[in-house]
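Protein chains in written order, with my numbering: chain A, 26 to 373; chain B, 26 to 373; chain C, 26 to 373.
All residues carry an ideal CB built from backbone N, CA and C; glycine is no exception.
Taking it in order: structure first as structure tokens, then the write-up.
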Amino acid sequence: MEQPLYLKNVWYVAGWSSDIKRGDRIGRTFLDQPVVLWRDQQGTAHALADRCAHRAMPLSAGVVEGSAIRCPYHGLEFGGDGRCTRIPAQDRIPDTARVRAYPLVEQQGLLWIWMGDTGRADVMLVPSYPIHEDPAYAWRSAHFPVNGSWQLLVDNLMDLSHLPYIHAKTIGGNPDLHFRTKTQSEKLTNGVRVIRQMPDSEPPPTYVDAAGFTGRIDRWQEIEFEPVLIRIHTGACDAGTGAYEGRRDHGFSMRGFHGITPETATTTHYFWSMATNILRDGIPDEVFEQTARTFREDQEVLELQQARMSADPDQPMIDIASDVGGRHTRQFISRLLREEATERLAAA
Amino acid sequence: MEQPLYLKNVWYVAGWSSDIKRGDRIGRTFLDQPVVLWRDQQGTAHALADRCAHRAMPLSAGVVEGSAIRCPYHGLEFGGDGRCTRIPAQDRIPDTARVRAYPLVEQQGLLWIWMGDTGRADVMLVPSYPIHEDPAYAWRSAHFPVNGSWQLLVDNLMDLSHLPYIHAKTIGGNPDLHFRTKTQSEKLTNGVRVIRQMPDSEPPPTYVDAAGFTGRIDRWQEIEFEPVLIRIHTGACDAGTGAYEGRRDHGFSMRGFHGITPETATTTHYFWSMATNILRDGIPDEVFEQTARTFREDQEVLELQQARMSADPDQPMIDIASDVGGRHTRQFISRLLREEATERLAAA
Amino acid sequence: MEQPLYLKNVWYVAGWSSDIKRGDRIGRTFLDQPVVLWRDQQGTAHALADRCAHRAMPLSAGVVEGSAIRCPYHGLEFGGDGRCTRIPAQDRIPDTARVRAYPLVEQQGLLWIWMGDTGRADVMLVPSYPIHEDPAYAWRSAHFPVNGSWQLLVDNLMDLSHLPYIHAKTIGGNPDLHFRTKTQSEKLTNGVRVIRQMPDSEPPPTYVDAAGFTGRIDRWQEIEFEPVLIRIHTGACDAGTGAYEGRRDHGFSMRGFHGITPETATTTHYFWSMATNILRDGIPDEVFEQTARTFREDQEVLELQQARMSADPDQPMIDIASDVGGRHTRQFISRLLREEATERLAAA
């Protein structure tokens, strides 16, 4: 049984709420399926197959009219449920005149789409990210295209041991500190958690600049994967003030949200936000810009890595000690992919 | 029996006479076959396979010498019949030194090529288009590349119900008028004719500008397909002056010629001309420019449509009422394609 | 038994010594294999598979550190023998942590790589080119990418009868002279030699400019193929002064080195140098520039030719009289390719 490329029955990030204004529409591909995201004039966002039932024209080239989206070619209109609501110069609308509607949920600044079996879409399972609504945090978001598979992006984020190399010029900091830091990886019911702690260490320059540390600090990196997003909490408190006992509000916190949505087998939508509890002027520009610069470095790495893997996909690869978090995540994802494949076989 | 992609035994437009000057040559692909079109120094146009018999070099990269075209690599020369007429530093020219010659006919400003069985090329069957020689008309021509299959372009032209949508800004005019207009489609011996009439209607702005109508008009749209070109006659007379009884010379006529020649399965040569009987200053610039702008809108639509269909060719499509002309034409073309496939099977 | 695309067990030019400075690295593809060429801080050049054993990252995106090259992603380091010498945050280095090392020899300004069975790489078989070290000669080199197969480039160089056509504006000269010149082709133990002589002929303009001939000359063109490079010696002496009896030092000599290394099935690395015994100011700029311009014309030809052959690889081609040298070379190469295929079958 060959492993499928994608998890189907999960909620994926389809975009940021701010990506589509009222009456606007945008075409995106998820899991090889072209989708049009659009917001009707009442403000509700919808997701439909981006292909008119009549002559295959992309609806995303059309316009939103009231509570429908209109195909630009012959003027057919479709509602949020995918049913055709109007065929010009024709009275009866046949039942076959419809396009697939994908469940779409909007919450906490995010649009979540369900690309799998519609009957199994459960809005209670939409991942929660309260940081986006927490007044203690300021945040900014971005959408990066990645020319690499979604699993390579997961690997990249679950194993921060690449920081001193790729990101030597930005957030890398002292390589030796990274090497001496133990990585603990823990399997969760629906995911994997990786924890790295750097107690009583020198604060890196950005921490000093952003949070004003003057002495040594207790630092942490906490990475949590669930299908298919990653939450990364990094930060520090003054050394010995309770960072590892759960008292962190007095310290400096950077919260990274990483929505990872496959576009095709070798390209990925990367929706990320960065939040800090430094509220002086919203999230400090330098923190956001540095993060964006860092992720652009990762984009380049993943593209090069994907090129090699596409050219010779079966060549074996070795694991190293710092892969533990990435390896646990790979195993967990493989199990889910196998389960979905088995279910589909049983259903067929 | 899978349906072939192209009709082979028909005359296709290869270009405009004005495309190749005396002593000049141009490389074009028709039905996946690279062809060099060239005009010898006596003025006769020829079409040969665009690949030297010796080392596969495109002859279109060479030069015309007298009554031959010379390969740029090693200097072999070929006449209009495809036979090699000269091999440098060699006396004998073997009989195998030849390239395929395609029948080519030049008339009424057009070059017509026969890509099928040479023995069946009948010059009496070359489609006639006397408008190009009629002193009552002025015309201008163009060659547009289309990133869509030839059948999508045929669909587009046989069903003008897309006018109020794609061409809302140019020739679309009042959508309601279009919706209320009945479309009559009629099967002909060798084609399909679609007729739409708009009696006693308001003249659209271009009609007023170009022809000076001051009152209501009797309008018509007449579209005729034969393999593989489309003639479209649109126009109007003052209401009640005989437009529908064949008396039209006193009115305004726009005559569109649409030569549709497959380049590959998903790209098409679109050779079109627009003629009017307004002779004040040749064809009015605004009519030609508006037509060109309109067809560029169609180019964009067909490219988007083709992308979706190529990505998922087997997904079903629904028909709507206004498709009647396009549907008749599809059926007629399918019959011809099947007939050609059956003939080839019988011959094999 | 289908003929393989490439000869494997031969030394190929991988580049010019001057292509990689100490501590530098460059990624190139040879015979479809990505290779990183790098020079350690001691000055020795190495060739490794350009794909980290860990996560497939191209090592050519990394940096040279001392006597190792470091992967830019997670910092693994590899020595010239392909063994991993360092894994960050890990003590033991497993034996599987290695990448393929390709034998690389540097001599006479050239880097030679062995892409075949490593056990059969014999440094005594590296082709010799003493002209690059001969004080009687000045030379300059270049690296041209060619969008055509390596065999098309071999054909091009073994049959100079294309000179009066493609290179009419540069080194072509009088076409009639070329046509009257007999081409002798001779099979060697490990190659093919083609000789053309033009005794008592007019010197072409470049010869007059570069060497100052005032009367008639004895010209020669001597082309020698061995797998897979071509040496071309062209030149002239004053007529009747012994050019054809081996006394040429008093004349004008142009020595062309042509290293031909397949990149992929349809693209080729073309490493060439041009040397002359005119030492006034090194190799005359106009000779080098004219040669480069000439080879750029060949690049265009091969790209067009390859496009036609890729589109229809099985269409037959005819041979002409002047192909004799090219034909002998094709036959010789085919024999070597068959021998390698047979050996591989026997070994399997």
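- C:L254 versus C:L185 - alpha carbon distance: If you number the third sequence from 1, residue 254 of chain C lands on position 229. If you number the third sequence from 1, residue 185 of chain C lands on position 160. Roughly 16 Å between the two C-alpha positions.
- Query: Relative to chain C, which residues along the stretch 341-361 of chain A have a C-beta separation below 7 Å, given in chain order?
  - Reply: M342, I343, I345, A346, S347
- Message: Residues in the same chain with beta-carbon distance under 6 Å from B:Y18, minus the five sequence neighbours each way, listed in chain order, please.
- Response: In the structure as shown, chain B begins at 26 and stops at 373. Residue 18 of chain B is therefore absent and cannot be evaluated.
- List, in order along the chain, the chain A residues whose C-beta lies closer than 8 Å to that of C:Y405? Within the shown structure, residues of chain C are numbered from 26 to 373, placing residue 405 of chain C beyond reach of any answer.
- In three-state DSSP terms, what is B:S174? Within the second sequence, residue 174 of chain B is the residue found at index 149, counting from 1. Residue state, collapsed to three classes: coil.
- Item | Residues near C:I138 in its chain [Cβ-Cβ closer than 6 Å; skip 5 each side] | Position 113 of the third sequence holds residue 138 of chain C. So the list reads Y37, A39, A72, Y127, L129, once near-sequence residues are dropped.
- Message: On the CB-based measure, 16 or more other CB atoms within 10 Å of its CB, does A:H79 come out buried or exposed?
- Response: For this step, residue 79 of chain A is matched to residue 54 along the first sequence. With 16 or more other Cβ atoms within 10 Å, it is buried.
- Task: Kindly indicate if chain B contains any beta-carbon less than 8 Å away from that of A:H294.
- Result: To locate residue 294 of chain A, count along the first sequence from 1; it is residue 269. By this cut-off, A:H294 is not an interface position.
- Message: For A:D323 and A:D339, what's the separation of their Cα atoms in angstroms?
- Response: As a working note, residue 323 of chain A is residue 298 in the first sequence. As a working note, residue 339 of chain A is residue 314 in the first sequence. Approximately 23 Å, taken between the alpha carbons.
- Message: Check this for me: beta carbons of A:G100 and A:S92, under 8 Å apart or not?
- Response: Position 75 of the first sequence, counting from 1, holds the residue named residue 100 of chain A. Position 67 of the first sequence, counting from 1, holds the residue named residue 92 of chain A. Cβ atoms of A:G100 and A:S92: not closer than 8 Å.
- Message: Just to confirm my understanding: we take A:R165, look at its own chain, exclude 5 residues before and 5 after, and list those with CB closer than 7 Å. What are they?
- Response: Residue mapping note: residue 165 of chain A aligns to position 140 of the first sequence, counting from 1. For A:R165, where only same-chain residues beyond five positions count, the Cβ hits under 7 Å are S298, M299, I308, F313.
- Task: Give me the Cβ distance between B:L177 and B:A70, rounded to the nearest whole Å; I'm assuming they're in contact under 8 Å.
- Result: By one-based count along the second sequence, residue 177 of chain B stands at place 152. By one-based count along the second sequence, residue 70 of chain B stands at place 45. Not really, about 29 Å apart at Cβ, beyond 8 Å.
- Message: Quick check: is the beta carbon of C:R244 nearer than 8 Å to any beta carbon in chain B?
- Response: Here residue 244 of chain C corresponds to residue number 219 of the third sequence, with the count starting at 1. No - not a single Cβ of chain B is within 8 Å of the one on C:R244.
- Straight-line Cα distance separating B:T289 from B:H157: Mapped onto the second sequence, residue 157 of chain B falls at position 132. Mapped onto the second sequence, residue 289 of chain B falls at position 264. Distance between the alpha carbons of B:H157 and B:T289 is about 28 Å.
- Mind checking the stretch 316-333 of chain C against chain B and listing, in chain order, the residues whose C-beta falls within less than 7 Å of any C-beta there? V326, L329, Q330, R333
- Task: Note down, in chain order, all residues in the stretch 223-240 of chain A with a beta-carbon under 9 Å from any beta-carbon belonging to chain B.
- Result: none
- Message: Can you confirm whether the stretch 108-118 of chain B touches the stretch 341-352 of chain C when touching is taken to mean that 3 or more C-beta pairs between the two stretches lie within less than 8 Å?
- Response: yes
- Message: Within 8 Å of any Cβ in chain B, is that where the Cβ of A:Y37 sits?
- Response: Within the first sequence, the letter at position 12 stands for residue 37 of chain A. No - not a single Cβ of chain B is within 8 Å of the one on A:Y37.
- Message: Quick test of your reading: C:P83 and C:G52, contact by CB under 8 Å. State the CB separation rounded to the nearest angstrom.
- Response: Here residue 83 of chain C refers to the residue found at position 58 of the third sequence. Here residue 52 of chain C refers to the residue found at position 27 of the third sequence. Going by Cβ atoms, the distance from C:P83 to C:G52 rounds to 6 Å, so yes, they are a contact pair.
- Message: Could you tell me the alpha carbon to alpha carbon distance between C:E311 and C:V233, rounded to whole angstroms?
- Response: Indexing the third sequence from 1 puts residue 311 of chain C at position 286. Indexing the third sequence from 1 puts residue 233 of chain C at position 208. Their Cα atoms are separated by approximately 12 Å.
- Query: Under 8 Å between the Cβ atoms of A:H294 and A:R280?
  - Reply: Position 269 of the first sequence, counting from 1, holds the residue named residue 294 of chain A. Position 255 of the first sequence, counting from 1, holds the residue named residue 280 of chain A. No, they are not a contact pair.
- Query: What residues from chain A crowd round B:S186, counting only those whose CB sits closer than 9 Å?
  - Reply: Locating residue 186 of chain B in the second sequence gives position 161, counting from the first residue. Within chain A, the residues near B:S186 are H99, G100, P113, A114.
- Message: With a threshold of 6 Å on Cβ separation, who are the neighbours of B:R221 within its own chain once the five nearest residues in sequence on each side are excluded?
- Response: In the second sequence, residue 221 of chain B corresponds to position 196, counting from 1. Excluding positions up to five away in sequence, the list reads T206, T208, Q246.
- Does the beta carbon of C:A81 sit closer than 8 Å to a beta carbon anywhere in chain A? The count along the third sequence starts at 1 and reaches residue 81 of chain C at position 56. With 8 Å as the cut-off, C:A81 counts as an interface residue toward chain A.
- Counting only runs that start and end within the stretch 200-234 of chain C, where is the alpha helix (DSSP H) found for 4 or more residues in a row? 200-205
- Message: I need the straight-line Cα distance from A:A336 to C:R76, nearest angstrom please.
- Response: Along the first sequence, read from residue 1 onward, the residue named residue 336 of chain A stands at position 311. Along the third sequence, read from residue 1 onward, the residue named residue 76 of chain C stands at position 51. Roughly 11 Å separates the two Cα atoms.
- Task: Sort out for me which residues DSSP pairs C:G40 with in a bridge.
- Result: Position 15 of the third sequence, counting from 1, holds the residue named residue 40 of chain C. Paired residues: C:L136.
- Message: To the nearest angstrom, how far is the alpha carbon of B:S32 from that of B:L361?
- Response: Translated into the one-based positions of the second sequence, residue 32 of chain B becomes position 7. Translated into the one-based positions of the second sequence, residue 361 of chain B becomes position 336. Before going on, a small fix: residue 32 of chain B reads as Leu here, not Ser. In a straight line, the C-alpha of B:L32 is about 7 Å away from that of B:L361.
- Query: Does the beta carbon of A:T121 come closer than 8 Å to any beta carbon on chain B?
  - Reply: In the first sequence, counting from the first residue as 1, residue 121 of chain A sits at position 96. It does: the Cβ of A:T121 has a partner Cβ on chain B nearer than 8 Å.
- Message: Is the beta carbon of B:W41 closer than 8 Å to that of B:H187?
- Response: Numbered from 1 along the second sequence, position 162 holds the residue referred to as residue 187 of chain B. Numbered from 1 along the second sequence, position 16 holds the residue referred to as residue 41 of chain B. No. Outside cutoff.
- Identify whether B:S166 lies in helix, strand or coil by the three-state DSSP scheme. Here the question's residue 166 of chain B lines up with position 141 in the second sequence. Three-state result, B:S166: strand.
- Message: So, for B:D348: in the same chain, excluding its five sequence neighbours on each side, which residues have a beta-carbon less than 7 Å away from its beta-carbon?
- Response: By 1-based counting over the second sequence, the position of residue 348 of chain B is 323. Cβ neighbours of B:D348 beyond the five flanking positions: D184.
- Message: On the DSSP letters alone, give me the boundaries of the beta strand (DSSP E) that A:E325 sits inside.
- Response: As a first step, residue 325 of chain A must be located in the first sequence, where it is residue number 300. Taken as a continuous stretch (DSSP letters only), A:E325 belongs to no beta strand (DSSP E), being part of the alpha helix (DSSP H) at 310-336.
- Message: Rounded to whole angstroms, what is the Cα-Cα separation between C:G141 and C:P29?
- Response: As a first step, residue 141 of chain C is located in the third sequence; it is residue number 116 there, counting from the start. As a first step, residue 29 of chain C is located in the third sequence; it is residue number 4 there, counting from the start. If I take the Cα positions, the gap works out to 13 Å.
- Task: Tell me whether A:V253 sits in a helix, a strand or coil according to DSSP, three-state version.
- Result: What you label residue 253 of chain A is simply residue 228 of the first sequence in a count that begins at 1. Of the three classes helix, strand and coil, the one that applies to A:V253 here is coil, per DSSP.
- Which residue's Cα is closest to the Cα of A:R244: A:G276, A:A235, A:S153, A:A86? Along the first sequence, one-based indexing puts residue 244 of chain A at 219. It is A:G276 whose Cα lies nearest to the Cα of A:R244.
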